[in-house]
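> Chains as they are written, first to last, in the numbering used here: chain B, 1 to 370; chain A, 371 to 740; chain V, 741 to 1110; chain F, 1111 to 1480. Please see the structure below; I have some questions.
4 protein chains.
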Amino acid sequence: MGSIWGKQLKISLFGESHGPAVGVVLDGLPPGQKVDLEEAASFLARRAPGRSSWSTARKETDEPHILSGLYRGRTCGTPLCAVIENKDARPEDYRDRERIPRPSHADYTGKMRYHGFNDPRGGGHFSGRLTAGLCFAGAVAKQILSERNIFVGARIAAIGEILDQVLDSTQITGADLAAVAAKRFPVFSDEQGRKMVELIELVREEGDSVGGIIECIALGMPAGVGDPLFGGVKATLSSILHGIPAVMGVSFGAGFASSKLRGSENNDSFLIDAVGRVGTATNRAGGINGGITNGMPIVVNVGIKPTATLSQPQASVDLRTGEPTTVVDTGRHDPCIVPRAVPVVEAAVAIGLLDLLLVAFGVQGPFWLD
Amino acid sequence: MGSIWGKQLKISLFGESHGPAVGVVLDGLPPGQKVDLEEAASFLARRAPGRSSWSTARKETDEPHILSGLYRGRTCGTPLCAVIENKDARPEDYRDRERIPRPSHADYTGKMRYHGFNDPRGGGHFSGRLTAGLCFAGAVAKQILSERNIFVGARIAAIGEILDQVLDSTQITGADLAAVAAKRFPVFSDEQGRKMVELIELVREEGDSVGGIIECIALGMPAGVGDPLFGGVKATLSSILHGIPAVMGVSFGAGFASSKLRGSENNDSFLIDAVGRVGTATNRAGGINGGITNGMPIVVNVGIKPTATLSQPQASVDLRTGEPTTVVDTGRHDPCIVPRAVPVVEAAVAIGLLDLLLVAFGVQGPFWLD
Amino acid sequence: MGSIWGKQLKISLFGESHGPAVGVVLDGLPPGQKVDLEEAASFLARRAPGRSSWSTARKETDEPHILSGLYRGRTCGTPLCAVIENKDARPEDYRDRERIPRPSHADYTGKMRYHGFNDPRGGGHFSGRLTAGLCFAGAVAKQILSERNIFVGARIAAIGEILDQVLDSTQITGADLAAVAAKRFPVFSDEQGRKMVELIELVREEGDSVGGIIECIALGMPAGVGDPLFGGVKATLSSILHGIPAVMGVSFGAGFASSKLRGSENNDSFLIDAVGRVGTATNRAGGINGGITNGMPIVVNVGIKPTATLSQPQASVDLRTGEPTTVVDTGRHDPCIVPRAVPVVEAAVAIGLLDLLLVAFGVQGPFWLD
Amino acid sequence: MGSIWGKQLKISLFGESHGPAVGVVLDGLPPGQKVDLEEAASFLARRAPGRSSWSTARKETDEPHILSGLYRGRTCGTPLCAVIENKDARPEDYRDRERIPRPSHADYTGKMRYHGFNDPRGGGHFSGRLTAGLCFAGAVAKQILSERNIFVGARIAAIGEILDQVLDSTQITGADLAAVAAKRFPVFSDEQGRKMVELIELVREEGDSVGGIIECIALGMPAGVGDPLFGGVKATLSSILHGIPAVMGVSFGAGFASSKLRGSENNDSFLIDAVGRVGTATNRAGGINGGITNGMPIVVNVGIKPTATLSQPQASVDLRTGEPTTVVDTGRHDPCIVPRAVPVVEAAVAIGLLDLLLVAFGVQGPFWLD
């Protein structure tokens, strides 16, 4: 049951890379919420392959077909199912997977988990393609949140060792988030972005790949949402973010860097802001104290590993003979998954925050009414 | 419902720092598993306060009283409830908390979340004391796992900027884990440990605090456990680890460092090991591919922030008047929570792995029989 | 999140009566299980409308399209999504529903629950048509169970006051269950069945409807499955059975009749049966003691109300004016839903038992291997 | 994990009949709700043994000790743990249970489920004594509901074949519910109640037992609460009610009787009531349409089997030898569990409704504020 996530809002992802379709069911949406399908399609296009030199050549328009749960442009409140067909499936690219597992892929673990019965074509259910359904769910969540003045946006914070500029989350606005989302390569500093793109081109030419870091920010979350311990914002968001393929780490606010600081450096002093609200002078906590929102921006960083699929030969073993061998992946793949993972991280954070709000304010409460 | 965690094994934590007791219910344990309560008490003692210069002066023996679920030294399979009394509660140390929130504490968010009705004494349910119940649950989980030759151990990887030696997880043995756990200050390099203790002493004298990093390793997990997406090992472990107070980040294997690597550097080649099993030459994946165990050691790193409570005056606001003010915390607190958090991290990982095994092999399956 | 059910096996139903499709995702199936889609289609045909004089004239072949989770005729272990298109949708039959609610329908409660945003056409997500997805899931579950020699079958026990013959569940065989399932009108006594059909014809001519009782039996469940209290077989099965529209009561074994008995009459004596297994002389407990299977047949009775939709005028109110009025339903409907509900009850019981077995034996345990 | 129930409000029951204590954790309560512990104790006293000729001679005052979650007489919002000590445990009454299972008890199924490791003393976790924790949770839920003018009350509808008078649920008031709850033998017709008591005395003298039916009514639930399918009121309440030991059937409104009616007889016409609210002329639906509350009284009937424990010898088998034998239970037991089960049913319904309201309106929403 690992492809279902959520408490009050549950999402159920399904599909295999080279099966008929991937998709998602969202169960527990508040009713009457406007959903703009064109906007959702634009959001999905940010994740779609084939748009640039750094992404896989697989051609998919990733058009969601709505099977249920929308009526006259608004959520019914009943389960919303969206299906995205796999049009450019090429199963012939993916043979021998069961015999010679690719390093750092799920070929071997999938075989062990499913006793060899899982669909091996294109990674099957392990494929990054499953995030198309997650993105659709996130597009819906983002739209619902934005009607309540909650904005979620992410950017590339690093590709390899190249860092985007550091921003002070206490100063970020919704306009900043919208501006970076509109960019083809979503960084604050376009100069750094150019260097990142160059690096990606370089590793592509080398038949190699590279990882990176995505930073996601959510503005406008009311204070007091979440629970201590396992129902907290960190536990909730990390449980969905760590479900995204290739994610190696999730941290909040100053994250692992806070472990190097003194308390006097790390603590965020309380203050009353210009419009009379309680805030903090700094935001190393990433908007979360004791698991609960404090009204400051939610800040989360997600570490993404380099794409495991390489055009170079790699050492592996033949599981039938037990002999060492090499594997070369001739399938289509991204030299760096990070740019396409940006909307996926946004989607996961938006879904997580919407679920937390539904726990706090219920699916029928006045919070959701215009 | 944020204090309940788990799928097949559910733990329910309860208690407030200065109420009658803290405790835990474990529901879903496999029956017939030996539980050595003395060993559990020893494990809890690793977390207990008052043992050293770097921990709070609060005196608690943290003795668990079993109310249910154990019979003749073995789990019944029915809910196991353990209660740990709060003997050295001193509610007078914690006044004004509702009016002047301490920076980076849950005073403000707790007030917002619970409309001011939560127990403010000693942080109430937000207190680190709640991890005593988690540790008891973890002690039980560790014992059950060790009967199946699965060993979980953690160590301090860093205090502030001082790092313990780097170890190759492909070479670590259960004896290594046991040896470090037996240490009063659990690091591999005692020389680095001495420097860490000195730093903690220093910040204590300054009325300050410092954070650190804990690395936890699990040996012996069979390959093929976990699910893709949200039921994976990463999503599962991070959802319990991010529930521990003061945790700012959770990463697996090479973690955020993998984001800086090329794929050719980060990938773990498959091999057949000396005893004929499938393994990998390196373990940057931390024993997890596609969310599922690959049979290599599980490696997780947890970033801990510096204790928010300081003896220094800190800037805050008076929530009633809206005026700036300062707050000084005269309560007992640790200058560095990291050493006491080591068994807490072990506990969380052990509980998480036990739950994953129960999902895979069921609560009644032959996996649990001798 | 009310359309998702299950613990280890989760099913997620979606769809509206007159939207593009209804369907289901099954998440948590054991891998490698054979699924015969023709057999599943035959099972769905037992529920499909338009087959007889007593069912709605809506024409639907209810053909499931598999989007994921099946590969080479076996379950992958990853989510299995099946979609059933709505081909004969006629939304024009269902106007004024929002203004004048039909008695004992969900028109009014749906409006209150969803603030008027739910899809009102044909009952939307409240339609009995949603049970097509449940039946598909049940078809899969039944096939998996039958490979483990667990057989689930149901029959019409009563239509109105006309009862089928009483059978002793201790004597029933899998062949008996298969024989009754193969009947067009699934009763043990065809003579009583004829009377039931006559009654249904009569109420149809009167523009009225009639209810009935379905009895479902499961043979071959191993002893020891289930939990005390809320994880028991009764709690589990009733939570899915009471989710079926029109179900008014669920009872086990002798059910409400046992409330009239003395303990000496109601208790089931233990014995060793002919093949040396522990059994009971009678089965008033319906195969369940303390929530847990005892190895005897599981017996559950489900009370179904008469179809709320009538061709007669019925008293209602105009919600806009507050004035009394009458409502006549001109839409297609069944005079008696009971015959088509028989496979739905079988499906629900099969899904429930499969989930209980997955809790007990895990999704990867040897229980599921050939 | 079968002893945890709930979605937004989770209750975790623990304990064994002859262990140190039984108890409950309530996780997810809205904060700031008044809890009168004396009132809770009075409610628990309605379930406690030893109060009358028809209940077990076990002497327990069933005094709840609060370990957490209450502060200054109100819920904190954090987990509320209550423990009830077992003072009159007499394990010596319960030997040979593992070898010779009592008919229609959980002795055999418990042994199978837990591989013989469960606590056999007094039924262990299967004991009716576990309902003390459920009653405490229900006492809290009832108090919270009554502050929102939602009243839950139950009565004995039948003992054996003797029926209490039939009441029209559309006419019942909160005062009626309070009056019947205040009775030592909770029936509407005291004359019928006397006959019931006589029957209970009779079966006690015969060393036998007798079952009965409990009807529970909830007034004041707002319309529009619950979900279609598995999140409905019926699915929710039946999943907790069928968790109560000895419950054989759960039905709503007219229940199984509706299966005998025509639609024209069973349907509840809508009307505008005297105070201008939408209501129904009759209430055969038990206040529920399509799984969702319609604002009319919730009506649920619960069938209880006769106590399995008898003073008469009963046929059983010796599991070690496989030989037939007889078993006589010399332990304390009730000749009729129905009177003591009345508050248990009320508790379960109150908890179920509170959870449904928390799903609808959230744990922090204005619904819970004064």
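Using N, Cα and C, we set each Cβ at its ideal position, and we do this for glycine too.
1. Strictly below 7 Å CB to CB, what residues from chain B border PHE506 of chain A?
2. Could you give the first and the last residue of the continuous alpha helix (DSSP H) run that contains GLY1092 of chain V?
3. How far does the beta strand (DSSP E) with ARG155 of chain B in it reach, from first residue to last?
4. Give a yes or no on whether 9 Å exceeds the smallest Cβ distance from LEU369 of chain B to chain F.
5. Our contact map puts PRO1053 of chain V next to ILE940 of chain V with C-beta atoms below 8 Å; I'd like the distance itself, whole angstroms only.
6. Quick one: list the residues of chain F neighbouring THR78 of chain B, beta-carbon separation under 8 Å, in chain order.
7. Do ASP597 of chain A and SER382 of chain B count as a contact pair if the criterion is CB distance below 9 Å?
8. What separation, rounded to the nearest whole angstrom, lies between the Cα atoms of LEU537 of chain A and ASN519 of chain A?
9. Taking 9 Å as the threshold (C-beta atoms), are VAL22 of chain B and ALA141 of chain B in contact?
10. With a cut-off of 8 Å on the beta carbons, I'd call LEU1001 of chain V and GLY1321 of chain F a contact; round off their distance for me.
11. If you reduce the DSSP assignment to three classes, tell me which class GLY619 of chain A lands in.
12. Using a Cβ-Cβ cutoff of less than 7 Å, which residues in the same chain neighbour PHE1380 of chain F once the five nearest sequence positions on both sides are dropped?
13. With DSSP collapsed to three states, give me the class of CYS1326 of chain F.
14. How close, in whole Å, do the beta carbons of LEU969 of chain V and GLY1234 of chain F come, if the pair is a contact with beta carbons under 8 Å?
15. Does DSSP classify GLN314 of chain B as helix, strand or coil?
16. Since HIS1443 of chain F and THR1417 of chain F should fall inside the 8 Å C-beta cutoff, what is the C-beta to C-beta distance between them, to a whole number of angstroms?
17. Can you look up VAL1068 of chain V in the DSSP assignment and give me helix, strand or coil?
18. Could you pull the DSSP bridge partners for TRP5 of chain B from this structure?
19. Between VAL1135 of chain F and chain B, is the shortest Cβ-Cβ distance under 9 Å, so that the two count as touching?
20. CB-CB under 7 Å to GLY1432 of chain F, same chain, minus the five flanking residues each way: which ones, in chain order?
21. Could you name the residues of chain F that PRO843 of chain V contacts, counting a contact when the two beta carbons are closer than 7 Å?
22. Under 9 Å between C-beta atoms, does LYS747 of chain V make it to chain F?
23. Just checking my contact of SER298 of chain B with GLY287 of chain B at CB under 8 Å: how many whole Å lie between their CB atoms?
24. Residues of the segment 922 to 942 of chain V in Cβ contact with chain B at a cutoff of 7 Å, in chain order, please.
25. Leaving aside the five residues before and after ALA624 of chain A along the sequence, list all residues of the same chain whose C-beta is less than 6 Å from its C-beta, in chain order.
26. For GLN1275 of chain F and chain V, any beta-carbon pair shorter than 9 Å?
27. Please check if any C-beta of chain F sits within less than 9 Å of the C-beta of PHE487 of chain A.
28. Does the CB of TYR1218 of chain F have a neighbour CB from chain A at under 9 Å?
29. Can you name the start and end residues of the beta strand (DSSP E) that PHE270 of chain B belongs to?
30. My guess is that ALA341 of chain B and ILE214 of chain B are in contact by the Cβ rule of under 8 Å, so how many angstroms apart are they, rounded?
31. Have a look at LEU1240 of chain F and GLY964 of chain V and give me their C-alpha separation to the nearest angstrom.
32. Use the C-beta contact count for GLN1474 of chain F: other C-beta atoms within 10 angstroms, 16 or more gives buried, fewer gives exposed.
33. I need the boundaries of the alpha helix (DSSP H) containing GLU1316 of chain F, first residue and last residue.
34. Taking LEU241 of chain B as the reference, which of A:LYS604, A:LEU611, A:ALA616 and A:THR543 has the closest Cα?
35. Do the segment 1123 to 1140 of chain F and the segment 446 to 461 of chain A meet, that is, are 3 or more Cβ pairs less than 8 Å apart?
36. Quick one: what does DSSP say CYS81 of chain B is sitting in, helix, strand or coil?
Let's see:
1. Contact note: PHE506 of chain A does not reach chain B at a C-beta cutoff of 7 Å; the least C-beta distance is about 15 Å.
2. Per DSSP, the unbroken alpha helix (DSSP H) holding GLY1092 of chain V starts and ends at 1078 to 1101.
3. Its beta strand (DSSP E) spans residues 151 to 159.
4. Among the residues facing chain F, LEU369 of chain B is not included, as its CB has no counterpart in that chain under 9 Å away.
5. Not really, about 21 Å apart at Cβ, beyond 8 Å.
6. Taking a Cβ-Cβ threshold of 8 Å, the residues of chain F close to THR78 of chain B are PRO1338, in chain order.
7. Missing from the structure shown is residue 382 of chain B; chain B here goes from 1 to 370 and no further.
8. C-alpha separation (whole angstroms): 21 Å.
9. Cβ distance not < 9 Å, so ALA141 of chain B and VAL22 of chain B don't count as in contact.
10. Indeed they touch by this definition, with Cβ atoms about 6 Å apart.
11. Residue state, collapsed to three classes: strand.
12. Setting aside the 5 residues that flank it on each side, PHE1380 of chain F is surrounded in the same chain by VAL1388 and THR1390, each with a C-beta closer than 7 Å to its C-beta; the list follows chain order.
13. The answer is strand: DSSP assigns CYS1326 of chain F an E or B state.
14. Taking a contact as a CB-CB distance under 8 Å, the pair LEU969 of chain V and GLY1234 of chain F does not count as one, their CB atoms being some 12 Å apart.
15. Under the three-state reduction of DSSP output, GLN314 of chain B falls in the strand class.
16. Indeed they touch by this definition, with Cβ atoms about 6 Å apart.
17. Note: VAL1068 of chain V maps to coil in three-state DSSP.
18. In DSSP, TRP5 of chain B forms a bridge with B:ILE11.
19. It does not; no Cβ of chain B falls within 9 Å.
20. Within the same chain, GLY1432 of chain F has no close Cβ partners at all.
21. In chain order: ASN1377, ASP1378, SER1379 and PHE1380.
22. LYS747 of chain V counts as touching chain F.
23. Contrary to the premise, residue 298 of chain B reads as Ile rather than Ser in this sequence. Right, the Cβ-Cβ distance comes to about 4 Å (below 8 Å), so this counts as a contact.
24. Within the segment 922 to 942 of chain V, no residue qualifies.
25. Closer than 6 Å at Cβ, skipping near neighbours: ARG654.
26. At a cut-off of 9 Å between beta carbons, GLN1275 of chain F makes no contact with chain V.
27. Yes, its Cβ sits closer than 9 Å to a Cβ of chain F.
28. Output row for TYR1218 of chain F: interface = no.
29. That run of the beta strand (DSSP E) goes 270 to 272.
30. Indeed they touch by this definition, with Cβ atoms about 6 Å apart.
31. Cα to Cα, LEU1240 of chain F sits roughly 20 Å from GLY964 of chain V.
32. Buried: at least 16 other Cβ atoms inside 10 Å.
33. Run containing GLU1316 of chain F: none; DSSP gives neither H nor E here.
34. Here the closest residue by C-alpha is A:LYS604.
35. Short answer: they touch.
36. Of the three classes helix, strand and coil, the one that applies to CYS81 of chain B here is strand, per DSSP.
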